[in-house]
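Engineer: Read top to bottom, the protein sequences are chains X and Y.
Going by the numbering used here, the first residue of the first sequence is number 216, and it counts up by one from there.
Going by the numbering used here, the first residue of the second sequence is number 113, and it counts up by one from there.
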Amino acid sequence: AQSVAQPEDQVNVAEGNPLTVKCTYSVSGNPYLFWYVQYPNRGLQFLLKYITGDNLVKGSYGFEAEFNKSQTSFHLKKPSALVSDSALYFCAVTFTPDNAGNMLTFGGGTRLMVKP
Amino acid sequence: DAGVTQSPTHLIKTRGQQVTLRCSPISGHKSVSWYQQVLGQGPQFIFQYYEKEERGRGNFPDRFSARQFPNYSSELNVNALLLGDSALYLCASSLEGNSNQPQHFGDGTRLSIL
């Protein structure tokens with residue numbers, strides 16, 4: 216079984232400061248990892264993914280994430296937060312050995328609050 | 113280009129009724145997945161369809177069913193509604209439905225059960 220943990224319900228950061236949203240995962244093989252953002256009354260927007268290769272992946276809106284296999288983590292980062300980054304962030308994992316099917320398992324979400 | 117579209121946006125039903133939710137994927141996407149998001153939680157996988165065939169099913173009762181049409185649009189049906197079925201139902205599409213492809217989500221249908 217696969218699982219995702221987002222240990223922080225909420226992260227508070229001042230505008231202009233760096234931000235980190237934490238994610239750890241558990242799968243029985245090599246994971247495919249994703250970050251999504253959700254604004255109020257909207258669906259999820261894809262930010263970035265890690266499939267293979269470079270452990271640091273870059274995504275939309277200046278976000279990046281670092282894959283750490285030994286710590287089974289995939290933390291989301293941004294060098295300089297904007298007030299408009301305030302939203303709900305979800306980490307998700309999938310693992311399908313034969314690459315058939317794409318069931319995503321999501322974490323519980325982390326609310327990011329960026330204050331001016 | 114249009115994204116994933118879902119209808120209706122909101123729906124109010126009473127216990128025991130049946131509901132059908134609809135989803136149109138991004139043009140060219142052949143795979144559609146359905147997720148249930150209860151307030152305050154992450155989405156939970158319900159179904160995946162690819163080329164009209166069910167490719168995956170989550171841990172949901174048989175009251176939940178779905179299908180995909182030749183134009184790749186999809187419907188999710190829920191019978192004998194319970195209060196606990198109140199949630200945001202999200203549809204997501206991807207090109208071929210493989211696990212290394214990102215899924216693109218619609219804005220969801222918010223279902224309220226009275």
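Glycine is no exception: its CB is placed at the ideal position from the N, C-alpha and C atoms.
Need the endpoints of the beta strand (DSSP E) that Tyr251 of chain X sits in, please.
Structural biologist: In the first sequence, the residue the question calls residue 251 of chain X occupies position 36. Element bounds for Tyr251 of chain X: 247 to 253.
Engineer: Could you tell me whether the Cβ of Gly209 of chain Y comes closer than 8 Å to any Cβ of chain A?
Structural biologist: Structure shown: chain A not included; protein chains present are X and Y.
Engineer: Ends of the beta strand (DSSP E) at Ile225 of chain Y?
Structural biologist: Reading the second sequence from its first residue, position 113 is the one you call residue 225 of chain Y. Its beta strand (DSSP E) spans residues 221 to 225.
Engineer: Within 8 Å of any Cβ in chain Y, is that where the Cβ of Phe282 of chain X sits?
Structural biologist: As a working note, residue 282 of chain X is residue 67 in the first sequence. Chain Y contact via Cβ: absent.
Engineer: Give the residues of chain Y in contact with Lys264 of chain X, contact being defined as C-beta atoms less than 9 Å apart.
Structural biologist: Mapped onto the first sequence, residue 264 of chain X falls at position 49. Going along chain Y in sequence order, the residues near Lys264 of chain X (Cβ under 9 Å) are Asn212, Gln213, Pro214.
Engineer: Compare the beta carbon distance of Thr287 of chain X and Tyr254 of chain X with 8 Å and say whether it is the shorter of the two.
Structural biologist: Position 72 of the first sequence, counted from the first residue, corresponds to residue 287 of chain X. Position 39 of the first sequence, counted from the first residue, corresponds to residue 254 of chain X. Cβ atoms of Thr287 of chain X and Tyr254 of chain X: not closer than 8 Å.
Engineer: Between the beta-carbon of Thr168 of chain Y and the beta-carbon of Phe159 of chain Y, is there less than 8 Å?
Structural biologist: Residue numbering aside, residue 168 of chain Y sits at position 56 when the second sequence is read from its first letter. Residue numbering aside, residue 159 of chain Y sits at position 47 when the second sequence is read from its first letter. Inspection of the sequence shows that residue 168 of chain Y is occupied by Gly rather than by Thr. Yes, these two residues count as a Cβ contact at 8 Å.
Engineer: Taking the beta strand (DSSP E) that Gly168 of chain Y falls in, what are its first and last residues?
Structural biologist: On the second sequence, position 56 is the one that residue 168 of chain Y refers to. Counting along the chain, the beta strand (DSSP E) containing Gly168 of chain Y begins and ends at 165 to 169.
Engineer: From Ile119 of chain Y to Thr235 of chain X, what distance separates their C-alpha atoms?
Structural biologist: Within the second sequence, the letter at position 7 stands for residue 119 of chain Y. Within the first sequence, the letter at position 20 stands for residue 235 of chain X. With the sequence shown as reference, residue 119 of chain Y is identified as Ser, and Ile is not the correct amino acid for it. Going by the C-alpha atoms only, they are around 35 Å apart.
Engineer: Name the residues in the segment 130 to 156 of chain Y whose C-beta lies less than 9 Å from a C-beta of chain X; which are they?
Structural biologist: Going along the segment 130 to 156 of chain Y in chain order, one finds Ser143, Ser145, Tyr147, Gln149, Gly152, Gln153, Gly154, Pro155, Gln156 with a Cβ nearer than 9 Å to chain X.
Engineer: Helix, strand or coil for Leu195 of chain Y per DSSP?
Structural biologist: Residue mapping note: residue 195 of chain Y aligns to position 83 of the second sequence, counting from 1. Note: Leu195 of chain Y maps to helix in three-state DSSP.
Engineer: So for Ser295 of chain X, helix, strand or coil by DSSP?
Structural biologist: As a first step, residue 295 of chain X is located in the first sequence; it is residue number 80 there, counting from the start. Of the three classes helix, strand and coil, the one that applies to Ser295 of chain X here is coil, per DSSP.
Engineer: Nearest-angstrom Cα distance between Cys230 of chain Y and Gly323 of chain X?
Structural biologist: Beyond the ends of chain Y as shown, which are 113 and 226, falls residue 230 of chain Y; an answer cannot be given.
Engineer: Can you tell me where the beta strand (DSSP E) holding Tyr184 of chain Y begins and where it ends?
Structural biologist: Walking along the second sequence from the start, residue 184 of chain Y turns up at place 72. Unbroken run through Tyr184 of chain Y: none, as it is neither H nor E.
Engineer: Name, in chain order, the residues that DSSP records as bridge partners for Asn283 of chain X.
Structural biologist: For the purposes of this step, residue 283 of chain X is taken as the residue at position 68 of the first sequence. Asn283 of chain X is bridged to X:Ser288.
Engineer: Interface residues of chain X around Gly218 of chain Y at Cβ under 7 Å?
Structural biologist: Within the second sequence, numbered from 1, the residue matching residue 218 of chain Y stands at position 106. The answer, in chain order, is Gly258.
Engineer: Residues in its own chain within less than 6 Å of Ile124 of chain Y by CB, not counting five upstream and five downstream?
Structural biologist: Here residue 124 of chain Y corresponds to residue number 12 of the second sequence, with the count starting at 1. Closer than 6 Å at the Cβ level, and outside the excluded window around Ile124 of chain Y, lie Ser224.
Engineer: Would you grab the beta carbon distance between Asn191 of chain Y and Gln149 of chain Y for me? Rounded to a whole angstrom, and I think it's under 8 Å.
Structural biologist: Counted from its first residue, the second sequence places residue 191 of chain Y at position 79. Counted from its first residue, the second sequence places residue 149 of chain Y at position 37. No, Asn191 of chain Y and Gln149 of chain Y are not in contact; Cβ-Cβ is about 20 Å, not under 8 Å.
Engineer: Given a threshold of 16 other Cβ atoms within 10 Å of its Cβ, counted over all protein chains shown, does Pro155 of chain Y qualify as buried or as exposed?
Structural biologist: What you label residue 155 of chain Y is simply residue 43 of the second sequence in a count that begins at 1. When all chains shown are included, Pro155 of chain Y counts as buried.
Engineer: Look up Ser301 of chain X in the DSSP assignment and say whether it is helix, strand or coil.
Structural biologist: The residue labelled residue 301 of chain X in the question sits at position 86 within the first sequence. DSSP places Ser301 of chain X in coil when its eight states are reduced to three.
Engineer: Could you pull the start and end residues of the beta strand (DSSP E) that Met328 of chain X belongs to?
Structural biologist: Taking the first residue of the first sequence as position 1, residue 328 of chain X is located at position 113. 325 to 330 is the span of the beta strand (DSSP E), which, as asked, contains Met328 of chain X.
Engineer: With C-beta atoms as the reference, is Leu226 of chain Y less than 8 Å away from Thr126 of chain Y?
Structural biologist: For this step, residue 226 of chain Y is matched to residue 114 along the second sequence. For this step, residue 126 of chain Y is matched to residue 14 along the second sequence. The answer is yes: Cβ separation under 8 Å.
Engineer: Is it right to say Met328 of chain X is buried, meaning 16 or more other beta carbons lie within 10 angstroms of its own, or is it exposed?
Structural biologist: Numbered from its first residue, the first sequence carries residue 328 of chain X at position 113. The residue is exposed, with fewer than 16 neighbouring Cβ atoms inside 10 Å.
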